[in-house]
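To start, the structure itself, in structure tokens.
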Amino acid sequence: MDSTAKSDAWRADRDHFLHPYTDFTTFQDSGSQVVSHGDAMYIVDEAGRSYLDGIAGLWCVNLGHGRSEIAQAMGDQAQQLGYFNTFGHSTNTPAALLARQLAERTPGDLNHVFFTTGGSTANDTAIRLAHYYFNRLGKPKKKKILARNGGYHGSTYFAAALTGIHGIHYGFDRIAEDIVHHLSAANCYRRPEGMDEAQFCDFLIDEARHRIEQLGADNIAAFIAEPVMGAGGVLVAPEGYHRRMAEVCQQNDILYIADEVVTGFGRLGHWFASEDRFGHVPDILITAKGLSSGYCPIGAAVFSERMYEVISKPQGPGGVLSHGFTYSGHPVSCAAALKSIELYEREDIFGKVRDTGPYLQQQLKRLSRHDVVGDIRGDHLMAGVELVSDRDAKRNFPPDLAAAEVVFGRARDYGVIVRPVGDTIILSPPLIISREQVDTLVDSLDQAIEDVSGQLM
Ligand code: PLP
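Here you go:
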């Protein structure tokens, strides 16, 4: 590709921006698609071409692009108070109000909000404070964390250690290998031969019980799980799994951390999925992304009353809870989140998701007409289409074929953005998507798969 024909931004990006999760062998030639603006369901690139955003930026722009009310709220707040720290006894109005709004919307007695800069730092916070909690209770041996294969929890050093997508770890060190233990993914598509879903659920619960026995409940602090696994391929656990895992945790004095970075703020049709979709109240709830509809970096770890009572007690005279980020409770991020919450409510966004979500899942079933489609799964506006070279054997394509990437490229030619992860194509559109736009998304994906099937097989 002739880079001289490209814009200054394109060249600056290729030469200096060390992108996250990028294949730099192809990047030097192809560079990036420079996205210049967005409007509702669409993004527009530098060349002026518009695309239906089938992934809400990265599971986050839930209210759609270019919402002037959010921009206005951020601008007003920046002018009034761009920043002041929240350490110690200092706060700002949007952070205080947002903490209360979150406490009112999270389930059960999850009433105490620790603000972070995103999902990874919220997960790190949860683990650090879970360890601190048990230290303060006189149970300092409770250090181990149960996570799951296929789980994604972020990219800070500890959040990466929690992450169970093994490809992500190639060539990297794994800290905390003796601390983090991964259980099986709740992957119904790839469950052991001959098991129905109910038996698979029993199998997963038994596995967790055995692992706890092996490691010793006295050594385990927490279990972390996404209500629906996202980056691991949109895996929906068997019926009853989360509730039963929560019971196992409770029986063993293990904290249940629900990582709702993707599932929170309406993607599954409710504020949060843990209670409303899956019938349990976690001890710590993690949120980010949809909290500000992606307009500003912000995350939060929300703690129960039981935990708050312990972690808020000073270790001694003048002792403080020694944890925090410069940008914990950043006023501009909090203003974006407060406005987002107002819009979610005023526009009944989650009610709409309860209509368009099942509609998307139903429309996607059409894709089963392609031999390369092995599984179609999801929940409301979170969907995965797994590609296989052999349907009966459920065999994926060789990695060098980059099958999902090929489909992604073809879908983009048709003006829709989907997300290839391994051999799965992920869809997570803004929650404002209409039924007509669902049709466009699925029709384009259908056509893209049709076009490339011959090349893949
Ligand atoms: N947890 C889950 C479930 C996620 O999907 C992500 C990011 O995609 C994270 C945590 C990490 O969030 P962040 O990238 O904001 O640090």
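One rule links them: number in my numbering = place in the sequence shown (from 1) + 5. Glycine is no exception: its CB is placed at the ideal position from the N, C-alpha and C atoms.
Annotation: Val411 is outside any beta strand (DSSP E); the continuous alpha helix (DSSP H) that includes it extends over 408-418. For the 8 angstroms CB-CB criterion, Leu188 and Ala226 do not form a contact. The Cβ-Cβ distance between Ala278 and Ile289 does not fall below 8 angstroms.
By the 16-neighbour rule on beta-carbons within 10 angstroms, His385 is buried. The nearest non-hydrogen atom of the ligand PLP is less than 7 angstroms from the C-beta of Val266. Glu202 and Gln38 have their C-alpha atoms spaced approximately 42 angstroms apart. Tyr175 and Ile150 have their C-alpha atoms some 21 angstroms from each other.
By the Cβ-count criterion, Gln368 is buried, with 16 or more other Cβ atoms from all chains shown falling within 10 Å of its own Cβ. Remark: C-beta atoms of Gly238 and Gly155 approach each other more closely than 8 angstroms. For Phe163, no beta strand (DSSP E) run applies; the uninterrupted alpha helix (DSSP H) run containing it begins and ends at 162-167, by DSSP. At least one heavy atom of the ligand PLP falls within 7 angstroms of the beta-carbon of His158.
In terms of Cα proximity to Asn90, the closest of Gln77, Thr121, Lys144 is Thr121. Cβ-Cβ distances below 7 angstroms link Glu391 to Tyr194, Gly238, Gly379, Asp380, Asp428, Thr429 in the same chain, with the five nearest sequence neighbours on each side left out; the list follows chain order.
Counting every other CB atom within 10 Å of its CB across the protein chains shown gives Gly321 a total below 16, marking it as exposed. Put simply, of Asp20, Thr27, Ser12, Trp15 the residue whose alpha carbon is nearest the alpha carbon of Glu410 is Thr27. DSSP places Thr121 in the strand class (E or B) of the three-state scheme. In this structure, Gly62 has its CB at a distance of at least 7 angstroms from all heavy atoms of the ligand PLP.
For Ile303, the closest alpha carbon among the candidates Ala127, Tyr88, Tyr246, Gly459 is that of Ala127. Below 8 angstroms, too few C-beta pairs join the region 402-416 and the region 229-244 to call them touching: fewer than three.
Inclusion of Ala236 in the 7 angstroms shell around the ligand PLP follows from its C-beta lying nearer than that to a non-hydrogen atom of the ligand. The continuous alpha helix (DSSP H) containing Tyr246 extends over residues 246-256.
By the Cβ rule, the region 353-365 counts as touching the region 436-455, because three or more pairs are nearer than 8 angstroms. The residue among Arg19, Gly69, Asp20 with its C-alpha nearest the C-alpha of Gly43 is Gly69.
Looking at the DSSP output, Asp376 sits in no beta bridge, so it has no partner there. In chain order, Phe139, Asp223, Asn224, Ile225, Ala226 place their CB closer than 7 angstroms to the CB of Lys147, counting only its own chain and leaving out the 5 sequence neighbours on each side.
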